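In what follows, a single structure is set out as structure tokens and then discussed.
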Amino acid sequence: MPVPPEIVARVEELRKLIHRYNYEYYVLDQPSVSDAEYDALMQELRQLEAQYPELITPDSPTQRVGAPPATGFQPVRHALPMLSLSNVFTEAELRNWAERVMRLLKASNLDFVTEPKVDGLAVSIIYENGVYTRGATRGDGFEGEDVTANIRTIKSVPLRLYPPPGVMLPRVLEVRGEVYMNVADFERLNEEIAKQNEQRAAAGQRPLPLFANPRNAAAGSLRQLDSRITASRPLRFAAWDIGVWEGTEPPRYHHEALDFLRQLGIPVVPDYTVHHSVDEVWQACMRWQERRASLPFEADGVVIKVDDRTVYDQLGVVGREPRWATAYKFPAIEKTTVIRGVEWSVGRTGKLTPVALLEPVEIGGAVIERATLHNEDEIARLGVMIGDAVVVQRRGDVIPKITAVILARRDGDEQPITPPEHCPVCGAQAVRLEGEADRYCVNPNCPARLKASIQHFASRNAMDIEGLGEKVAELFVDLGLIQSLPDIYYLDWNRIRQLEGFGAKRVENLQRAIERSKERPLARFLYALGIRHVGERNARILAEQFVSIDRIERATLEELLTLPGFGPTVAQAIVTFFQEPRNREMIERFRAAGVRMSEERGEETRTRQGPLVGKTVVLTGRLQSMTRSQAEEALRLAGATVTSSVSRNTDYVFAGEDPGSKYQRAQQLGVPILDEEALLQLLRESGIDIPQETAIS
Ligand code: IVH
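The numbering of the sequence shown is this note's numbering, which starts it at 344 and goes up by one.
What follows is the structure, given as structure tokens:
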């Protein structure tokens, strides 16, 4: 039966598209479609080729993996090919894969290892006699690029291996793994590039392109001909396999191989786990899927491997994909769609946020119709216009965002996005101050601001008033029942009872919820007020430190600056808030309504439990993670007394860099001297939050 001509045409079209996207992705590091779309095209092509094998040609993208190495680096042949992975998308597909493996091995059960599928680029790292001798990219799996100098700059990659006692190093050890970037590092890098671009623009130079995602940032950073640039980039490495192994007996099990690498100080994929059944494997996949949004790095799936390496040869390889491993791919978090318009939403600070109105797309199980564009700078950065095809990303519960514009799809009908001169809700002026990225509605009584403030005030982590959500807040503001926040406590219930949908039961519940909210702890009330830069953490510190709102009203800038993590911006925002007569009046009305405004427990709020309670401590030297006064304040919060000189009564001396004479004095008196790491640990154990970076294990 001849192949229908529309099939022939579609196959040709798919190949062309995939070829172009491949080039953009692998060679330019500037993809124009999301991975999910690319995967879908490949999948469609594979299916058509399976149905009509006569259409398969050697140059089809299904017949090769990856792309040719970019010129400039020396080609390297891999002694053992670097394979790729088959994919499964559902539990049934996973079970099929595992059952086939067990059938081939005539095994009734099998152990598997699961690992996150870190989204970066695969590399091979060779150690000879424990010394790093070569780093190479995967390339097409057979031949990659020699990036020895570049990988050498990745600080987590050991340049020499020191085996612990009793551990024999193989003469040649090939470590395979992923070079990648953490999401936070990637965002910081893009910010830095954006800053450089401002300077370049001033100097009349062309802007440097920003990276579309952490994976491209990692690839672009590693494949720099000038490895000094690589050195300045926050690249990381995580091993997921061994390759060549000569001189000793290689480990029998995959998990042993990873354990071995870990013992040698080589970073390994985090939380790899052995499972004794497919049920367990699937549960692990679901757990990773839940953790996905909170991981410091991007992961696009879970890799599942047979633990026993001795059966790998028997299982063999299909094309480039070994039968002994597969990848469970998470549902897409990125899709492409079209921007139909832009709406400017007004937040509780008066900030106008551009929101893109999208042609609805389904992403990871939800239909997305709106995505934030953050602010005018972001619109300029993306170069986005109305009518553009864009990449939309949705991760976890976060508001979806637009990450890229697909310029190739422009047809000339796109319209520029112009920020409004007036607030779209109240019509007051909308101004953008010098040096700020955002535009603000100048009217403090703007109904949009009030509605958003009420919603925040009543939200779960603030005053937690059930029944006072978005809809009710809108209604009460529109009816004039709430004209400022404290009005929540002076509602005209007789009028509310006459409103449609407000039956006796509902009114009673709302009344009770509002009444109960008066008893919330001070920290919650402070957070509920919506003072700029006072989130839950800072609100808690303020409440613990000052105990009552009157004390906070009187706090000076200097006092506020001594609080842990409080910089000039935060401190100034608090002072400004309480200087504003309107805000003082508002607080008086809250007080008159009976809202609790102090911890009422006085000083003893500070005496909590923990290792530092009642200890007398002394600080000396410079600390890395905080200023001296922040450390003192944190120690006091933890229940310690901070003194300035060392005596026999001193429990600990905390020494930073270049400690002074107190250090010697402590040594003479035999007072325990602890370093900054220990200080942070003790503070953490005392329940004091210290911001810290999450890193891979
Ligand atoms: S194992 C046959 N394990 O995914 C074994 N790969 O789609 C080859 N990747 O080229 C790969 N995390 O770049 C493996 N834990 C992991 C991985 C992982 C990320 C990447 C790797 C590979 C690609 C295959």
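Built from N, CA and C at the ideal position, the CB exists for glycine as well.
Predicted model only: the values in this text are computed from it and were never measured.
* Same chain, Cβ closer than 8 Å to residue 806, five either side skipped, listed in chain order -> 800, 860, 863, 867, 868, 871
* **Cβ neighbours of residue 736 in the same chain (closer than 7 Å, five flanking residues each side left out)** => 676, 677, 743, 744, 746
* Kindly indicate the opening and closing residues of the alpha helix (DSSP H) around residue 920. => 911-922
* To do: Report buried or exposed for residue 895, applying the criterion of at least 16 other Cβ atoms within 10 angstroms of its Cβ.
  => The residue in question, residue 895, is buried, as its Cβ has 16 or more Cβ neighbours within 10 Å.
* Asked: Helix, strand or coil: how does DSSP classify residue 682 here?
  -> strand
* Following the continuous beta strand (DSSP E) through residue 583, name the residue where it begins and the one where it ends. => For residue 583, the enclosing beta strand (DSSP E) has its first and last residue at 579-589.
* Asked: Would you say the segment 377-389 touches the segment 436-445, given that touching needs at least three Cβ pairs under 8 Å?
  -> no
* Buried or exposed: which applies to residue 421, given that a residue is buried once 16 or more other Cβ atoms fall within 10 Å of its Cβ? -> That one is buried.
* 3-residue-minimum beta strand (DSSP E) runs that sit fully inside the segment 868-911, ordered along the chain -> If we require 3 residues or more, the segment 868-911 turns out to have no beta strand (DSSP E) run fully inside it.
* Short check: CB of residue 397 to CB of residue 346, under 8 Å? -> Contact flag set, yes.
* Could you pull out every residue in the same chain whose Cβ sits closer than 8 Å to the Cβ of residue 1010, ignoring the five residues on either side in sequence? => So the qualifying residues of the chain are 1016.
* Report yes if the CB atom of residue 459 is closer than 8 Å to the CB atom of residue 527, and no otherwise. => no
* Start-to-end residues for the alpha helix (DSSP H) that takes in residue 799 -> 790-801
* Of all the CB atoms in chain D, is at least one closer than 8 Å to the CB of residue 888? -> Absence of chain D from the displayed structure is noted, only one protein chain being present.
* With a cut-off of 5 Å, give the chain-ordered residues whose Cβ is closer than this to any heavy atom of the ligand IVH. => 426, 427, 428, 458, 460, 461, 465, 521, 583, 612, 646, 665, 668
* Over the uninterrupted alpha helix (DSSP H) stretch that includes residue 655, give me the two end residues. => 655-658
* Asked: Mind checking whether residue 782 and residue 691 have CB atoms under 8 Å apart?
  -> no
* To do: Determine the contact status of residue 461 and residue 581, defining contact as a CB-CB distance below 8 Å.
  => yes
* Quick one: is the Cβ of residue 612 within less than 7 Å of any heavy atom of the ligand PLP? -> Annotation note on the ligand PLP: not contained in the displayed structure, which lists the ligand IVH as its ligands.
* **Residue environment, residue 911, which counts as buried when at least 16 other CB atoms sit within 10 Å** => exposed
* Asked: For residue 641, does the count of other Cβ atoms within 10 angstroms reach 16, so buried, or fall short, so exposed?
  -> buried
* Asked: Can the beta-carbon of residue 834 be found closer than 8 Å to that of residue 824?
  -> yes
* To do: Kindly indicate which residue of 906, 505, 838, 804 has the alpha-carbon position closest to the one of residue 818.
  => 838
* **Entirely enclosed beta strand (DSSP E) segments - the segment 470-540, minimum 3 residues** => If we require 3 residues or more, the beta strand (DSSP E) runs fully inside the segment 470-540 come out as 474-480, 486-488, 515-523.
* Asked: Tell me which same chain residues have a C-beta within less than 8 Å of the C-beta of residue 850, skipping the five on either side of it?
  -> 836, 839, 840
* State buried or exposed for residue 355, treating a residue as buried only when at least 16 other CB atoms are found within 10 Å of its CB. => exposed
* Where residue 1051 falls, given that 16 or more other Cβ within 10 Å makes a residue buried -> In the structure as shown, the chain starts at 344 and stops at 1040, and residue 1051 therefore has no counterpart that could be examined.
* Provide the residue(s) that pair with residue 747 in DSSP beta bridges, ordered along the chain. => For residue 747, which the question treats as bridged, DSSP gives the partners 734.
* To do: Assign residue 839 to one of three DSSP states: helix, strand, or coil.
  => helix
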